[in-house]
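**Student:** Once you've had a glance at the structure underneath, I'll fire off some questions.
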Amino acid sequence: MNIDLLHILEKITKEEELILSGRNSVVKNLYTSKKDFIIDSKKMLEKGKLIDVRTHTRFTHFPKHKHNFVEIIYMCKGSTTHIINDINQVILEEGDLLFLNQNAFQEILPAGEKDIAINFIVLPEFFDVAFSMLNGENMLKDFIVDSLRQDTGTSSYLHFKVANILPIQNLIENMIWSLLNKQPNNHKINQTTMGLLFLQLLNYTDKIEQPGNDPYDNYLTLSVLRYIEENYREARLTKLAEDLNQSVYSLSKLIKRNTGHTYKELLQMKRFNKAVELLTNTKLSISDIIAVVGYDNTSYFHRVFKKKYQMTPKQFRM
Numbered sequence: 425m426n427i428d429l430l431h432i433l434e435k436i437t438k439e440e441e442l443i444l445s446g447r448n449s450v451v452k453n454l455y456t457s458k459k460d461f462i463i464d465s466k467k468m469l470e471k472g473k474l475i476d477v478r479t480h481t482r483f484t485h486f487p488k489h490k491h492n493f494v495e496i497i498y499m500c501k502g503s504t505t506h507i508i509n510d511i512n513q514v515i516l517e518e519g520d521l522l523f524l525n526q527n528a529f530q531e532i533l534p535a536g537e538k539d540i541a542i543n544f545i546v547l548p549e550f551f552d553v554a555f556s557m558l559n560g561e562n563m564l565k566d567f568i569v570d571s572l573r574q575d576t577g578t579s580s581y582l583h584f585k586v587a588n589i590l591p592i593q594n595l596i597e598n599m600i601w602s603l604l605n606k607q608p609n610n611h612k613i614n615q616t617t618m619g620l621l622f623l624q625l626l627n628y629t630d631k632i633e634q635p636g637n638d639p640y641d642n643y644l645t646l647s648v649l650r651y652i653e654e655n656y657r658e659a660r661l662t663k664l665a666e667d668l669n670q671s672v673y674s675l676s677k678l679i680k681r682n683t684g685h686t687y688k689e690l691l692q693m694k695r696f697n698k699a700v701e702l703l704t705n706t707k708l709s710i711s712d713i714i715a716v717v718g719y720d721n722t723s724y725f726h727r728v729f730k731k732k733y734q735m736t737p738k739q740f741r742m
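First residue of the sequence shown? That's 425 in our numbering, and the numbers climb one at a time after it.
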């Protein structure tokens, strides 16, 4: 990280001065007016703002709490230890990113003077531009988006170990600088930067650590999703299982357990999403589209398409 920017972030805040003078706890009314410790975006954000940053409060235990916004934590220097939903211990090292949705309970063990973390306070609507930049249907995108939604049934956090990914580090630093310096047009700049960040993160889903799964289990799940995204036209479960050194049976069970869908369902979803994209945005013939997305049985495609969309491909295009 830029040295001048880091010097700004290392400064002792007024709250930290109180803690160092003997308070021994965070100043709760800075974060919420409610009895329950739910950190309130109205306390954290100026009226009308959708995103801001603040440094994590050091020198004391940060008690169990939730947020009524999406929190993104970036570890600028040192490390911090987070207990999520009472059971998951996440250690953020320098360069790591942690995304927390509004379902997540979090507590944070005391951080030292050299442990510098940035908290992005983000209202969900801020992501509208970012997600619109992720063109087309993409199961990896959906995996990330679902994890940020308040009503998600998948997970309440995503931990990205991306310290050595230069473009991701540059984008985060740019966004921190923009928010601290309040540059002109920073709202649009920051929304676009967030979109670029998500596009980069989609290239490094192997760097995600997810709750509930051991790292290898998580790696296999994301490998399946990435394989389907990149090879949907000729994708074969037997080939994928061989490449991952898994039996077809065990890989099928893992896919169903971790995604809620069978391999066949995931592949069909991708192929039909691609077909809809081509019907909407190209002049390719329907027979060509059927071939492009990986089907050689046109009658099967027409039958499934009509069942799925309640109209024929021709009617859909019209």
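All residues carry an ideal CB built from backbone N, CA and C; glycine is no exception. Since this is a predicted model, take the numbers as computed values, not measurements.
With a threshold of 8 Å on Cβ separation, who are the neighbours of I679 within its own chain once the five nearest residues in sequence on each side are excluded?
**Tutor:** So the list reads T645, V648, H685, T686, Y687, L690, once near-sequence residues are dropped.
**Student:** List the endpoints of the continuous alpha helix (DSSP H) containing L703.
**Tutor:** Element bounds for L703: 687 to 705.
**Student:** Determine the contact status of D510 and K490, defining contact as a CB-CB distance below 9 Å.
**Tutor:** No, the Cβ-Cβ distance between D510 and K490 is not below 9 Å.
**Student:** Got a sec, what are the start and stop residues for the beta strand (DSSP E) A541 sits in?
**Tutor:** 540 to 546 is the span of the beta strand (DSSP E), which, as asked, contains A541.
**Student:** With a 10 Å radius around its C-beta and 16 neighbouring C-beta atoms as the bar for buried, classify G519 as buried or exposed.
**Tutor:** G519 should be labelled buried.
**Student:** Identify the continuous beta strand (DSSP E) that holds R741 and give its terminal residues.
**Tutor:** That residue, R741, is in no beta strand (DSSP E); its alpha helix (DSSP H) goes 737 to 741.
**Student:** Please classify K538 as buried or exposed, where buried requires at least 16 neighbouring CB atoms within 10 angstroms.
**Tutor:** Label assigned to K538: exposed.
**Student:** Rounded to whole angstroms, what is the Cα-Cα separation between I589 and I427?
**Tutor:** So the alpha carbons of these two residues sit roughly 19 Å apart.
**Student:** Using 9 Å as the threshold, is the C-beta distance between I497 and N543 below it?
**Tutor:** Contact: yes.
**Student:** Can you tell me which residues form a DSSP beta bridge with S503?
**Tutor:** E517, per the DSSP bridge assignment.
**Student:** In three-state terms, what does DSSP make of T576?
**Tutor:** Reliability of the predicted coordinates at T576 is poor, the pLDDT of 46 falling under 50, and the value obtained from them is presented with this limitation in mind. If DSSP states are grouped into helix, strand and coil, T576 belongs with coil.
**Student:** Could you give the residue range of the alpha helix (DSSP H) that holds R478?
**Tutor:** That residue, R478, is in no alpha helix (DSSP H); its beta strand (DSSP E) goes 475 to 479.
**Student:** Does the distance from the CB of T462 to the CB of E495 come in under 9 Å?
**Tutor:** In the sequence on display, residue 462 carries Ile and not Thr. No, these two residues do not count as a Cβ contact at 9 Å.
**Student:** Taking only the alpha-carbon atoms, compute the straight-line gap between G536 and N627 and give it to the nearest angstrom.
**Tutor:** So the alpha carbons of these two residues sit roughly 33 Å apart.
**Student:** Are three or more beta carbon pairs between the segment 476 to 484 and the segment 609 to 617 nearer than 8 Å?
**Tutor:** The segment 476 to 484 is not in contact with the segment 609 to 617.
**Student:** Quick one, which of A554, I508, L595 has its alpha-carbon nearest K522's?
**Tutor:** The question names Lys, yet the displayed sequence has Leu at residue 522. When only C-alpha atoms are compared, the closest one is I508.
**Student:** Among L430, I515, Y643, whose alpha-carbon lies nearest the alpha-carbon of N682?
**Tutor:** Looking at the Cα atoms, Y643 is the closest of the given residues.
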